[in-house]
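If you're matching positions, the sequence shown starts at 9 in my numbering and goes up one per residue.
See structure below.
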Amino acid sequence: MTNNSALSITTIRTSLCAAWQNYQALIASARIAQPVGFSKAHSLVAGLALVLFAIAAIVYFTNGHHAGFLAINNWGRFIPPFVLQLITVWGDGVFVLCLALLFLPRNIQAHWGIFLAAIIGGIVSNVSKDYFDALRPPAVFTTDLFNLVGKGYTNHSFPSGHSLTAFLAATLFFHYLNGVKMRWLFFVAAACAALSRVLVGVHWPVDTLVGSGLGILCALVGIYIANKTPRAINKYSHGFILLLLVTACVLLLVEKNDYRLTLPVLYVAAIVTLWRTFKHYIACPGAKALAANNIKLSNTSASVWFYSLLGLLTVYRLAVIFQPHLGLFYDEAYYYHWALNPDFGYYSKPPMVAWAIIISTSILGDSIFAVKSMAAILYAGAAIFIYKTAQKLVDSWAGLIAGIIFLCIPMVGFNSVFITTDAPMFFFWSAALYAFFIALETNKLSHWVLLGLATGAGMLSKYTMGALPLGLFLFLLFNANTRPRLLTTGPWAAAIVAGCVFGLNIYWNMTNGWVALHHTQEISQASENTVSFSSLFIFLATQLLIFGPVWSYLGLRLWLGKANATPVIKTEHWQALVFATFTILVAISLQAFISRAFANWAGPWMIGGSLLVAVLCRANQLQYQASSGNALSKTWLARGAVAHLLLLSAFFHFPQMLNALDITPSKKNDPYHRVAGWNELGVKLKPILAQYPSAKLASESRDILAYLGYYAAPGSFEFARWNPNPNNIRDYYDLKVNLREWQGPGFSSQQFIFATRAPLPQETANSFNKVTKLTEINAAPYADMPMKVYVYLLVGFNGYPASAQSEVDNAN
Numbered sequence: 009m010t011n012n013s014a015l016s017i018t019t020i021r022t023s024l025c026a027a028w029q030n031y032q033a034l035i036a037s038a039r040i041a042q043p044v045g046f047s048k049a050h051s052l053v054a055g056l057a058l059v060l061f062a063i064a065a066i067v068y069f070t071n072g073h074h075a076g077f078l079a080i081n082n083w084g085r086f087i088p089p090f091v092l093q094l095i096t097v098w099g100d101g102v103f104v105l106c107l108a109l110l111f112l113p114r115n116i117q118a119h120w121g122i123f124l125a126a127i128i129g130g131i132v133s134n135v136s137k138d139y140f141d142a143l144r145p146p147a148v149f150t151t152d153l154f155n156l157v158g159k160g161y162t163n164h165s166f167p168s169g170h171s172l173t174a175f176l177a178a179t180l181f182f183h184y185l186n187g188v189k190m191r192w193l194f195f196v197a198a199a200c201a202a203l204s205r206v207l208v209g210v211h212w213p214v215d216t217l218v219g220s221g222l223g224i225l226c227a228l229v230g231i232y233i234a235n236k237t238p239r240a241i242n243k244y245s246h247g248f249i250l251l252l253l254v255t256a257c258v259l260l261l262v263e264k265n266d267y268r269l270t271l272p273v274l275y276v277a278a279i280v281t282l283w284r285t286f287k288h289y290i291a292c293p294g295a296k297a298l299a300a301n302n303i304k305l306s307n308t309s310a311s312v313w314f315y316s317l318l319g320l321l322t323v324y325r326l327a328v329i330f331q332p333h334l335g336l337f338y339d340e341a342y343y344y345h346w347a348l349n350p351d352f353g354y355y356s357k358p359p360m361v362a363w364a365i366i367i368s369t370s371i372l373g374d375s376i377f378a379v380k381s382m383a384a385i386l387y388a389g390a391a392i393f394i395y396k397t398a399q400k401l402v403d404s405w406a407g408l409i410a411g412i413i414f415l416c417i418p419m420v421g422f423n424s425v426f427i428t429t430d431a432p433m434f435f436f437w438s439a440a441l442y443a444f445f446i447a448l449e450t451n452k453l454s455h456w457v458l459l460g461l462a463t464g465a466g467m468l469s470k471y472t473m474g475a476l477p478l479g480l481f482l483f484l485l486f487n488a489n490t491r492p493r494l495l496t497t498g499p500w501a502a503a504i505v506a507g508c509v510f511g512l513n514i515y516w517n518m519t520n521g522w523v524a525l526h527h528t529q530e531i532s533q534a535s536e537n538t539v540s541f542s543s544l545f546i547f548l549a550t551q552l553l554i555f556g557p558v559w560s561y562l563g564l565r566l567w568l569g570k571a572n573a574t575p576v577i578k579t580e581h582w583q584a585l586v587f588a589t590f591t592i593l594v595a596i597s598l599q600a601f602i603s604r605a606f607a608n609w610a611g612p613w614m615i616g617g618s619l620l621v622a623v624l625c626r627a628n629q630l631q632y633q634a635s636s637g638n639a640l641s642k643t644w645l646a647r648g649a650v651a652h653l654l655l656l657s658a659f660f661h662f663p664q665m666l667n668a669l670d671i672t673p674s675k676k677n678d679p680y681h682r683v684a685g686w687n688e689l690g691v692k693l694k695p696i697l698a699q700y701p702s703a704k705l706a707s708e709s710r711d712i713l714a715y716l717g718y719y720a721a722p723g724s725f726e727f728a729r730w731n732p733n734p735n736n737i738r739d740y741y742d743l744k745v746n747l748r749e750w751q752g753p754g755f756s757s758q759q760f761i762f763a764t765r766a767p768l769p770q771e772t773a774n775s776f777n778k779v780t781k782l783t784e785i786n787a788a789p790y791a792d793m794p795m796k797v798y799v800y801l802l803v804g805f806n807g808y809p810a811s812a813q814s815e816v817d818n819a820n
């Protein structure tokens, strides 16, 4: 390496360190700065919301929901489509987030308020739309009767989401751009955006009036909460918010907006915002000055390297989601449908995965990216807690090593592009472990309560979270130095808080016949519960592989080489990590030995595993540093990171690799074959559902309802599940929307679009008043994998056939 290149690397590293210091100073000032309070002008804004509600009520109760539409919509015929699209896009949520970063690039308090208001607004909009589920103009009028610009959406008319978003943004800009004389113009722009929703033919005037008022109120509530919680702003929470805002800019560049004529404007806005963000946070004046003086920051360097690597890997994994072959797996589509019905529990799992999807889809819409994105973000959050734990127990360099190991674990990398229950559990497991070490040190009641909250949230993510408090309790019990803590209030307060949080799911299970408990018992038992050494061996070997071959080799070699961790970590901290790591691994290994266990069930042991290997690596480094030798861990850390990331990249881009090797993709050689073809089938089914807007999508298959329900009717939960056995509930659709819910004389005209992989059996057809075969939809993602779905229109469900009911009776 030449002196110039070495100098360049040093300059870049020093610049990053300085930028990080600058960012920390920005966060610190935001935490202590006095929030911008409410003024008389805000009272006027709130009054505007009430006026809008009053006008909407008058219009609705005097002339009905559709009043004034045709008269106002007719004006749109005289306005060029480009102008209408340019105006209406001001209500697009992703575009508004981009504008927030553009106009308020370094206002940390504003970012916090915008984040809170966006979540509140998204929840209010989606819940209201699902509850009212009003038809839009294209579902009521034929297109020759009114002016339609863009796609003709048919459902979820009330309230207008674009209007809500536009006025929410206007209120936020009005508040945070305090002192800007032209800030009232944002309300003018918002009013134009709301009016445009009627002009382009997708909303009724009442929808836009109510949506506009709700947008104002949601923004004011978000601002109020933000002003009351300035201490919640820190480098982690804001880093997450900043990542969301940057992601919104990237989305504008890669996703095609429904209003294509506005794309050039959106591209320019996104590029300008990204450039300004780079200038404000990376190429900031403070960073340049420090780099020029070649200031070296040893401890800061580890933090900079960790957060830089974390940011790059997270952005890369988020970008991977945009690849066309990475559709939703049926579990993801299934969880998405859970998210449409917020609850404290679901058929087979606690609610946290659905809550995570609610947050992402409330902000980013119903796209594949929106559904999947929380996975990468939650794993990134887990990596931060792992870094902080190792930093607390050893030093920043141990934190960097632990973070690298965790982020490069094959299972973690793989799961980062698929939203599952593991993502929130890994996040809260890492948070709880970090909170435990803080509480162990301070013994403050507040820190034990935080541990309880994190543990309870983890239990709301996945039931195997219970292994962590068990392991920590065993540590406190068997360690002589910490055993007296069990005689204090703290650990028991943590247990009570965790129990109260988890009690939400227990209550749900109690009111739903303990269905999740029965499902968990079912999947954890094989047909014959016999001990099997081969199953145990396969399970343990799989754990080493999904942790990463190199990480497993490195950890075992350092441990078997009797690496001494004592110089870098307290004995009791090391023991706590061992208990937290191996309690779940031993428990699930025992399950594999006597019955069966899936590889991911024991996944959280890898959090403690990353920390244990990092401690051994750091001890090995310091040992050889003292003797001027070459550390084994340094070499194998580099090899492991490169090998595991290359392995993951090969998986992420497997179809491109097949094309590069001139290999024809097929069902046998493409790991993504399970998600292939469903998008195409959904596109073909969509106009059929639009033709029968009151019909419910029905099937005997969970997969069909999940896949086609997402691709053909995003945002809808108008389903019906065929399953004659009420004592054998198979999934969430069966639990909530079994066909028997529409049995009886009051539903004699209820329509169902029944989708099935095989022709409809006569016995099934006899259960309906009328049966009409509509079509067969086909897709052929590979030559060796033709896909066909038969589509029927069924009217009036009369009940399940007698033969099916007799089978149920015999089973009882």
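Where is the CB? At the ideal position from N, CA and C, for every residue including glycine.
Residue interval of the alpha helix (DSSP H) (run including M382): Numbered from its first residue, the sequence shown carries residue 382 at position 374. Here the alpha helix (DSSP H) through M382 covers I376 to L401.
Tell me the rounded alpha-carbon separation between L318 and I671. Start at 1 with the first residue of the sequence shown, and residue 318 comes out as number 310. Start at 1 with the first residue of the sequence shown, and residue 671 comes out as number 663. Here the alpha carbon of L318 sits roughly 34 angstroms from the alpha carbon of I671.
Taking one C-beta from the segment 684 to 694 and one from the segment 120 to 133 each time, how about it: are there three or more such pairs within less than 8 angstroms? Short answer: they don't touch.
Please confirm if the segment 397 to 407 is in contact with the segment 625 to 632, defined as three or more CB-CB distances below 8 angstroms between the two stretches. A contact exists between the segment 397 to 407 and the segment 625 to 632.
Reference I761; option with closest CA among A684, D739, V797 and I737: Taking the sequence shown and counting its residues from 1, the one referred to as residue 761 is at position 753. Comparing Cα positions, the closest option is V797.
Simplified DSSP assignment, three categories, for S306: Position 298 of the sequence shown, counted from the first residue, corresponds to residue 306. Model confidence at S306 stands at a pLDDT of 46, short of 50, so the residue's coordinates are unreliable and nothing is read from them.
In angstroms with no decimal places, state the Cα-to-Cα distance between S702 and K692. In the sequence shown, residue 702 corresponds to position 694, counting from 1. In the sequence shown, residue 692 corresponds to position 684, counting from 1. For the pair S702 and K692, the Cα-to-Cα distance works out to about 18 angstroms.
Suppose contacts are defined by Cβ-Cβ distances below 9 angstroms. Is I116 in contact with I40 by that definition? To locate residue 116, count along the sequence shown from 1; it is residue 108. To locate residue 40, count along the sequence shown from 1; it is residue 32. In this structure, the beta-carbon distance from I116 to I40 does not fall below 9 angstroms.
Rounded to a whole number of angstroms, what is the C-alpha to C-alpha distance between S636 and T643? Position 628 of the sequence shown holds residue 636. Position 635 of the sequence shown holds residue 643. Interpretation of S636 is limited by its pLDDT of 45, a score under 50 that renders its predicted location unreliable; no figure is taken from the coordinates.
Ignore the nearest five residues each way along the sequence and tell me which others in P43's own chain have a CB closer than 8 angstroms to its CB. To locate residue 43, count along the sequence shown from 1; it is residue 35. Closer than 8 angstroms at the Cβ level, and outside the excluded window around P43, lie Q117, A234, N235 and P238.
Would L348 pass as a contact of S724 if the rule is Cβ separation under 9 angstroms? To locate residue 348, count along the sequence shown from 1; it is residue 340. To locate residue 724, count along the sequence shown from 1; it is residue 716. Contact annotation: L348 and S724 have beta-carbon atoms nearer than 9 angstroms.
Cα separation between A534 and P350? As a working mapping, residue 534 is identified with position 526 in the sequence shown. As a working mapping, residue 350 is identified with position 342 in the sequence shown. Since pLDDT at A534 reaches only 45, below the 50 mark, its modelled position is unreliable, and the value read off the structure follows with that caveat. Straight across, the Cα-Cα distance linking A534 with P350 is about 32 angstroms.
Extract the residue ranges of the beta strand (DSSP E) inside the segment 559 to 645, only unbroken runs of 3 or more that lie entirely within it. None, since the segment 559 to 645 contains no complete beta strand (DSSP E) of that length.
Suppose you measure from the CA of L552 to the CA of Y561; what does that come to, to the nearest Å? Numbered from 1 along the sequence shown, position 544 holds the residue referred to as residue 552. Numbered from 1 along the sequence shown, position 553 holds the residue referred to as residue 561. Near 9 angstroms, if we compare the C-alpha coordinates of Y561 and L552.
Give me the Cβ distance between A174 and A198, rounded to the nearest whole Å; I'm assuming they're in contact under 8 angstroms. Within the sequence shown, the letter at position 166 stands for residue 174. Within the sequence shown, the letter at position 190 stands for residue 198. For a cut-off of 8 angstroms, the C-beta gap from A174 to A198 is around 4 angstroms, short enough to register as a contact.
Cβ atoms of V799 and A763: under 9 angstroms apart, would you say? One-based indexing of the sequence shown puts residue 763 at position 755. One-based indexing of the sequence shown puts residue 799 at position 791. Yes, Cβ-Cβ distance for A763 and V799 is below 9 angstroms.
Looking only at its own chain, which residues have a Cβ that is under 8 angstroms from the Cβ of R493, when we skip the five neighbours before and after it? Within the sequence shown, the letter at position 485 stands for residue 493. Sequence-distant Cβ neighbours of R493 in its own chain, meaning closer than 8 angstroms and more than five residues away, are L448, N451, L484 and P499.
Please confirm whether L326 and V258 have their CB atoms less than 9 angstroms apart. Reading the sequence shown from its first residue, position 318 is the one you call residue 326. Reading the sequence shown from its first residue, position 250 is the one you call residue 258. With a cutoff of 9 angstroms on beta-carbon distance, L326 and V258 are scored as near each other.
Between which residues of its own chain and V104 is the CB-CB distance below 6 angstroms, once the five residues before and five after are set aside? Translated into the one-based positions of the sequence shown, residue 104 becomes position 96. Once the five neighbours on either side are set aside, the close Cβ partners of V104 are T173 and A177.
Please classify S469: is it buried, with 16 or more other beta-carbons within 10 angstroms of its beta-carbon, or exposed? Here residue 469 is taken as the residue at index 461 of the sequence shown, counted from 1. S469 comes out buried.
Collapsed DSSP secondary structure at P145 in the structure displayed: Taking the sequence shown and counting its residues from 1, one reaches residue 145 at position 137. Correct three-state label for P145: helix.
Three-state secondary structure (DSSP) at V208? Here residue 208 refers to the residue found at position 200 when the sequence shown is read from its first residue. In the structure shown, V208 adopts coil according to DSSP, grouped into three states.
From E771 to L716, what does the alpha carbon distance come to, in whole angstroms? Counting from 1 along the sequence shown, the entry for residue 771 is found at position 763. Counting from 1 along the sequence shown, the entry for residue 716 is found at position 708. Approximately 24 angstroms between the Cα atoms of the pair.
According to the Cβ coordinates, are H652 and G754 closer than 9 angstroms? Numbered from its first residue, the sequence shown carries residue 652 at position 644. Numbered from its first residue, the sequence shown carries residue 754 at position 746. Contact flag unset, no.
What does a CB cutoff of less than 6 angstroms around A398 pick up in its chain, not counting 5 residues either side in sequence? The residue you call residue 398 lines up with position 390 of the sequence shown. Counting only Cβ-Cβ distances below 6 angstroms, and skipping sequence neighbours, we find A406, G407, A410, L619 and A622.
Do three or more CB pairs link the segment 377 to 389 to the segment 598 to 605 at distances below 8 angstroms? Touching, no, given that fewer than three Cβ pairs across the two stretches are closer than 8 angstroms.
Rounded to a whole number of angstroms, what is the C-alpha to C-alpha distance between S13 and P88? As a first step, residue 13 is located in the sequence shown; it is residue number 5 there, counting from the start. As a first step, residue 88 is located in the sequence shown; it is residue number 80 there, counting from the start. Below a pLDDT of 50, predicted positions are generally treated as unreliable, and S13, at 44, falls in that range; no measurement from the model is reported.
Is it right to say Q699 is buried, meaning 16 or more other beta carbons lie within 10 angstroms of its own, or is it exposed? Counting from one through the sequence shown, the residue named residue 699 turns up at place 691. Note on Q699: under 16 other CB atoms within 10 angstroms of its CB, so exposed under the neighbour-count rule.
Within 10 Å of its beta-carbon, does R85 have 16 or more other beta-carbons around it, so buried, or fewer, so exposed? The sequence position of residue 85 within the sequence shown is 77, counting from 1. The C-beta of R85 has fewer than 16 other C-beta atoms within 10 Å across all chains shown, which makes the residue exposed.
Beta-carbon proximity of Y354 to A362, cut-off 9 angstroms: Along the sequence shown, one-based indexing puts residue 354 at 346. Along the sequence shown, one-based indexing puts residue 362 at 354. With contacts defined by Cβ atoms closer than 9 angstroms, Y354 and A362 form a contacting pair.
Cβ-Cβ separation, I249 to W120 (assumed contact under 8 angstroms), whole Å: Residue mapping note: residue 120 aligns to position 112 of the sequence shown, counting from 1. Residue mapping note: residue 249 aligns to position 241 of the sequence shown, counting from 1. Sure, about 7 angstroms apart at Cβ, within 8 angstroms.
Would you list the one or two residues that DSSP bridges to A706? As a position in the sequence shown, residue 706 is number 698, starting the count at 1. DSSP output for A706 lists A728 and F762 as bridge partner(s).
On the DSSP bridge assignment, give the partners of E771 in chain order. Position 763 of the sequence shown holds residue 771. E771 is not bridged to any residue.
Specify the secondary structure class of N806 as computed by DSSP and reduced to three states. Along the sequence shown, one-based indexing puts residue 806 at 798. It is coil, neither helix nor strand.
Looking at L269 and I63, is the spacing between their C-beta atoms short of 9 angstroms? Counting from 1 along the sequence shown, the entry for residue 63 is found at position 55. Counting from 1 along the sequence shown, the entry for residue 269 is found at position 261. Contact: no.
Taking only the alpha-carbon atoms, compute the straight-line gap between D823 and W516 and give it to the nearest angstrom. Any property of residue 823 remains undetermined from this structure, which presents the chain solely from 9 to 820.
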